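Colleague:
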Amino acid sequence: MESFNTKPEESIPHDAIPFPVLRHLKLCFRDSIDDDTLFRGNAATLGTLETAFPPSVVPMLIRHSVFTPVSHPRLRFVGAWNLSVLVPNTFASMAACLKFVLSIGPKSSVRKFYESWTGHTFVSSLSSLDGLSYTQVLSLYAIDLNLWDVLALVKLLLFLTDLHSLDPLLGQLPPVGDPAGLIDYAALNYAPRGERFLYCHISEYEVRDVNSAALYFFLMA
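Numbering that gives the first Met the number 0 puts the sequence shown at residues 0 to 220.
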């Protein structure tokens, strides 16, 4: 479902449950909504949620306690975009914003973020939060990762099997001298990694130099 509109004369009763067995919900908010009509009565069935988060919607979700740690047992796919407008208007920091998003379906195995954040800030914010224990597939579109950010994510998410991102740059190199030293440095600082990690899909990836190649092969070893 991508849109839901009613005319004033077709207003839904306050206690109505219009979608009691809803499984998939994709919302592109063009207008504000001030109640939890879409989410009523389907917490036990909702499995997929993709939504933008305009500032006016988040307080409503919190006010009605739409998402709690135990409210959506089947929610396994959460996609979020438009989060950047929530900082600092609705949340004081990216970490606070991500904490809210991660509270939506804490057992979700697939998460997608469509944001133009820097990779370092994103990874640093995630590392201070709970709520990623069950994440197996992570898609990061437009987040500016470098290879060190990717290594940090794989270390942080022990159940991660698949990572999708744009082509990461190499990032700043430590003073190690050669590709062999770089691998030793990565093994010392980014291990242990999740044993389940199998697949890294990097759009338009190209090996620019031997150092990038060394880190990429370390990632997939």
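By construction, the Cβ of each residue, glycine as well, lies at the ideal position given by its N, Cα and C atoms. All values reported here derive from a predicted model rather than from experimental measurement.
(1) State buried or exposed for F112, treating a residue as buried only when at least 16 other CB atoms are found within 10 Å of its CB.
(2) How far does the beta strand (DSSP E) with D183 in it extend, from its first residue to its last?
(3) Do you know how far the Cα of V86 is from the Cα of S92?
(4) Am I right that N41 and F18 are in contact with their C-beta atoms under 8 Å? What's the rounded C-beta distance?
(5) Under a three-way DSSP split, which group does N4 fall into?
(6) Which full runs of the alpha helix (DSSP H) of 4+ residues lie inside the segment 108 to 146, going along the chain?
(7) Might you give, ordered along the chain, the residues of its own chain that have their beta carbon closer than 7 Å to the beta carbon of L60, omitting 5 neighbours on each side?
(8) For F158 versus T134, is the C-beta distance shorter than 8 Å?
(9) Please return the same chain residues whose Cβ sits closer than 6 Å to the Cβ of H63, not counting the five positions on each side in sequence.
Modeller: To lay it out plainly:
(1) As a first step, residue 112 is located in the sequence shown; it is residue number 113 there, counting from the start. Result: buried.
(2) Numbered from 1 along the sequence shown, position 184 holds the residue referred to as residue 183. D183 -> not in any beta strand (DSSP E); alpha helix (DSSP H) instead, spanning 178 to 188.
(3) Sequence index remark: in the sequence shown, residue 92 carries index 93 (1-based). Sequence index remark: in the sequence shown, residue 86 carries index 87 (1-based). Approximately 6 Å between the Cα atoms of the pair.
(4) Start at 1 with the first residue of the sequence shown, and residue 41 comes out as number 42. Start at 1 with the first residue of the sequence shown, and residue 18 comes out as number 19. Between F18 and N41 the Cβ distance is about 5 Å, and since that is below 8 Å, they are a contact.
(5) Here residue 4 refers to the residue found at position 5 of the sequence shown. Any reading at N4 must be qualified, since the residue scores a pLDDT of 49, below 50, and its modelled position is unreliable; the value itself is stated next. Coil, per DSSP.
(6) 118 to 126
(7) Counted from its first residue, the sequence shown places residue 60 at position 61. F66, listed in sequence order.
(8) In the sequence shown, the residue the question calls residue 158 occupies position 159. In the sequence shown, the residue the question calls residue 134 occupies position 135. The answer is yes: Cβ separation under 8 Å.
(9) The residue given as residue 63 occupies position 64 in the sequence shown. The residues are D35.
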